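A.B. asks: In our numbering, the protein residues as written are 394 to 810.
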Amino acid sequence: MAETAKKPAIRFKGFTGAWEQRKFGDISEIKTGPFGSTLHAGDYVTDGVPIITTEHFKTGTLQNDKEGLPQVSQEDYERLLSYVLNDGDVVFSRVGSVDVNALITPFQDGWLFSGRVLRVRPSRGSDSQFLHTLLETEDVKNDIRARAVGQTMPSINTEILKATILLLPTSETEQRQIGACFRQLDHLITLHQRKYDKLVNVKKSCLEKMFPKNGSNVPEIRFSGFTEAWEQRKLRNIADKVTEKNADLAVLETFTNSAEFGIISQRDFFDHDISNAENIGGYYVVKNEDFVYNPRISVTAPVGPINRNKLGRNGVMSPLYTVFRTHDIDTTYLEWFFKSASWHDFMHYNGDSGARSDRFSIKDAVFFEMSIPYPEIAEQRKIGRYLDQLDNLITLHQRELEKLQNLKKACLEKMFV
Numbered sequence: 394m395a396e397t398a399k400k401p402a403i404r405f406k407g408f409t410g411a412w413e414q415r416k417f418g419d420i421s422e423i424k425t426g427p428f429g430s431t432l433h434a435g436d437y438v439t440d441g442v443p444i445i446t447t448e449h450f451k452t453g454t455l456q457n458d459k460e461g462l463p464q465v466s467q468e469d470y471e472r473l474l475s476y477v478l479n480d481g482d483v484v485f486s487r488v489g490s491v492d493v494n495a496l497i498t499p500f501q502d503g504w505l506f507s508g509r510v511l512r513v514r515p516s517r518g519s520d521s522q523f524l525h526t527l528l529e530t531e532d533v534k535n536d537i538r539a540r541a542v543g544q545t546m547p548s549i550n551t552e553i554l555k556a557t558i559l560l561l562p563t564s565e566t567e568q569r570q571i572g573a574c575f576r577q578l579d580h581l582i583t584l585h586q587r588k589y590d591k592l593v594n595v596k597k598s599c600l601e602k603m604f605p606k607n608g609s610n611v612p613e614i615r616f617s618g619f620t621e622a623w624e625q626r627k628l629r630n631i632a633d634k635v636t637e638k639n640a641d642l643a644v645l646e647t648f649t650n651s652a653e654f655g656i657i658s659q660r661d662f663f664d665h666d667i668s669n670a671e672n673i674g675g676y677y678v679v680k681n682e683d684f685v686y687n688p689r690i691s692v693t694a695p696v697g698p699i700n701r702n703k704l705g706r707n708g709v710m711s712p713l714y715t716v717f718r719t720h721d722i723d724t725t726y727l728e729w730f731f732k733s734a735s736w737h738d739f740m741h742y743n744g745d746s747g748a749r750s751d752r753f754s755i756k757d758a759v760f761f762e763m764s765i766p767y768p769e770i771a772e773q774r775k776i777g778r779y780l781d782q783l784d785n786l787i788t789l790h791q792r793e794l795e796k797l798q799n800l801k802k803a804c805l806e807k808m809f810v
């Protein structure tokens, strides 16, 4: 390899020398965890010293508490002292996701590791955070995966890991600076991930508690100033089924109703039109603010999704969909009601999955008998506006998180050889 090829594209000031090639085993001590004969599941206790297994660092990070971790007594801990983890060690998955590693921090100092884990203890002169990050680069991960044994359940051992070729700076100072940079970046990503996860949980809780439970006429959570009991109105009283066909082919754009993305243009979803002028004459015309029920079921939409057309234009949709146009109700409120699971019991009780396991079946006449919780319009608007704002906030945090994750990806590509 040429000298220029041994230097990263982005580098801290003051460092100019080429990076050196080393075997992983030459700059660290690598040890396999205790086998079944040494540690049995029957040895676990409810409150003791935690044991890290591969399931606990699938994302490359470790939890900071003992909750949910297997634990052993102090007596067994003393018997397993050679399998203790220290701050600065790196743990590697020995089976399955063999390219995943995590850094031991002061929170996990003194814990144990299981037989499905490899412990890497960097030698003096090697920075732990730098090594942890180096092992996250795609070149190193691809190399380890390529040399793993087994197709269905890949596995590695100490010898495979020891033989891994790494390129690293000879200066520990440069290693520390790179490590510190990624430590701060990882910390920022973790903070944004927590904020995002917290907001997602808040939204989930709101969708569960801001609409009345079955048998109740008030929700569990309510804005101040509203005290009246909610009405129940049939869907047929606030909506009309759309039966207008595109017979004159006045509308050429076909929409689709996705559980994940809502109502979108078919061109955006499939990269091309699935329908054509020959078959869209029998499609329903969907206007802006119309609602569409898609009977296709999925994990995220167990009875099929109902979404609102917010594209600001008309389109056409297959007669396999049920299209309806509302009146005397706030459409944003109704949209959020259909994003909740409050209407699923009605569907399960009155319909079935039909002959095709991927489609839900319910007659139109029955579908429009669905009860819709109906507070006064002012309360509807407040609920809809609040949930919209919460959703926008989640989107902003998601974008910030993605920016940081992309920044880290770019740094992994440019700051290592």
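From the three backbone atoms N, C-alpha and C, an ideal C-beta is built for every residue, glycine too.
Since the model is a prediction, treat every value here as computed from it, not as a measurement.
Grouping DSSP H, G and I as helix and E and B as strand, with all else coil, what is residue 395?
C.D. replies: Confidence in residue 395 is poor, its pLDDT being 49 and thus under 50, which makes the residue's placement unreliable; the coordinate value appears in the next sentence. If DSSP states are grouped into helix, strand and coil, residue 395 belongs with coil.
A.B. asks: Could you spell out where the alpha helix (DSSP H) holding residue 526 opens and where it closes?
C.D. replies: For residue 526, the enclosing alpha helix (DSSP H) starts and ends at 521-527.
A.B. asks: Could you check which residue in 713, 675 and 486 has the C-alpha nearest to that of residue 642?
C.D. replies: For residue 642, the nearest C-alpha among the options comes from 675.
A.B. asks: Residue 794 to residue 501, Cα distance in whole Å?
C.D. replies: 26 Å
A.B. asks: Can you tell which of 540, 581, 450 and 715 has its C-alpha closest to the C-alpha of residue 818?
C.D. replies: Nothing about residue 818 can be read from this structure; the chain reaches only from 394 to 810.
A.B. asks: With H, G and I counted as helix, E and B as strand and the rest as coil, what does DSSP make of residue 450?
C.D. replies: helix
A.B. asks: According to DSSP, is residue 402 helix, strand or coil?
C.D. replies: coil
A.B. asks: Let's see if you can read the secondary structure: which residues bound the beta strand (DSSP E) around residue 673?
C.D. replies: That residue, residue 673, is in no beta strand (DSSP E); it is neither H nor E in DSSP.
A.B. asks: Roughly how far, in whole angstroms, is the beta-carbon of residue 678 from the beta-carbon of residue 637, given that I think they are within contact range, below 8 Å?
C.D. replies: 5 Å
A.B. asks: Which whole runs of the beta strand (DSSP E) in the stretch 593-670 are 3 residues long or more, in chain order?
C.D. replies: 624-627, 632-634, 648-651 and 655-658
A.B. asks: Does DSSP classify residue 476 as helix, strand or coil?
C.D. replies: helix
A.B. asks: Could you tell me the boundaries of the alpha helix (DSSP H) in which residue 760 lies?
C.D. replies: 757-760
A.B. asks: In chain order, what residues of the same chain have a beta carbon less than 7 Å from the beta carbon of residue 597, not counting five sequence neighbours either side?
C.D. replies: Same-chain partners within the cutoff: there are none.
A.B. asks: What's the C-alpha gap between residue 755 and residue 741?
C.D. replies: 9 Å
A.B. asks: Could you please give the first and the last residue of the uninterrupted beta strand (DSSP E) stretch that includes residue 424?
C.D. replies: 421-425
A.B. asks: Using the rule of at least 16 other Cβ atoms within 10 Å of the residue's Cβ for burial, across every protein chain shown, is residue 653 buried or exposed?
C.D. replies: Looking at its Cβ environment, which holds fewer than 16 other Cβ atoms inside 10 Å, residue 653 is exposed.
A.B. asks: Express the C-alpha separation of residue 615 and residue 566 in angstroms, rounding to a whole number.
C.D. replies: 57 Å
A.B. asks: Terminal residues of the continuous alpha helix (DSSP H) containing residue 727?
C.D. replies: 724-732
A.B. asks: Tell me the start and end of each unbroken beta strand (DSSP E) in the stretch 763-789 that is at least 3 residues and wholly inside, in chain order.
C.D. replies: 764-767
A.B. asks: Could you check whether residue 441 and residue 465 sit closer than 8 Å to each other, using their CB atoms as the reference points?
C.D. replies: yes
A.B. asks: Does the distance from the CB of residue 718 to the CB of residue 632 come in under 8 Å?
C.D. replies: yes
A.B. asks: Does the contact criterion of 3 or more C-beta pairs under 8 Å hold for the stretch 511-518 versus the stretch 418-429?
C.D. replies: In short, these stretches touch, since the Cβ pair count reaches three.
A.B. asks: Below 8 Å between beta carbons: does that hold for residue 575 and residue 772?
C.D. replies: no
A.B. asks: Assuming residue 460 contacts residue 563 under a Cβ cut-off of 8 Å, what Cβ separation, rounded to an integer in Å, is found between them?
C.D. replies: Wrong, their Cβ atoms sit about 42 Å apart, outside the cutoff.
A.B. asks: Tell me the residue span of the alpha helix (DSSP H) that contains residue 552.
C.D. replies: 551-555
A.B. asks: My parser needs the alpha helix (DSSP H) runs of 4 or more residues fully inside the stretch 550-589; what are they?
C.D. replies: Unbroken alpha helix (DSSP H) stretches of 4 residues or longer found wholly inside the stretch 550-589: 551-555, given in chain order.
A.B. asks: Do you know how far the Cα of residue 784 is from the Cα of residue 503?
C.D. replies: 41 Å
A.B. asks: Is it the case that the Cβ atoms of residue 763 and residue 602 are separated by a distance below 8 Å?
C.D. replies: No, Cβ-Cβ distance for residue 763 and residue 602 is not below 8 Å.
A.B. asks: Take residue 733 and list the residues in its own chain whose beta-carbon comes closer than 6 Å to its own, dropping the five residues that flank it on each side.
C.D. replies: Answer for residue 733: 600 and 604, listed in chain order.
A.B. asks: Below 8 Å between beta carbons: does that hold for residue 730 and residue 744?
C.D. replies: no
A.B. asks: I'd like the list of long-range same chain contacts for residue 527, defined as Cβ closer than 7 Å, with 5 residues on each side in sequence excluded.
C.D. replies: 533, 559, 561 and 809
A.B. asks: Rounded to a whole number of angstroms, what is the C-alpha to C-alpha distance between residue 543 and residue 490?
C.D. replies: 12 Å
A.B. asks: Per DSSP, what kind of secondary structure is residue 440 in: helix, strand or coil?
C.D. replies: strand
A.B. asks: When DSSP builds the beta bridges, which residues end up paired with residue 685?
C.D. replies: 700 and 716
A.B. asks: Rounded C-beta distance between residue 781 and residue 724? I'm assuming under 8 Å.
C.D. replies: Contact doesn't hold; Cβ gap of about 11 Å is too wide.
A.B. asks: If contact is defined by three or more beta carbon pairs under 8 Å, each pair taking one atom from either stretch, is the stretch 547-559 in contact with the stretch 482-499?
C.D. replies: yes
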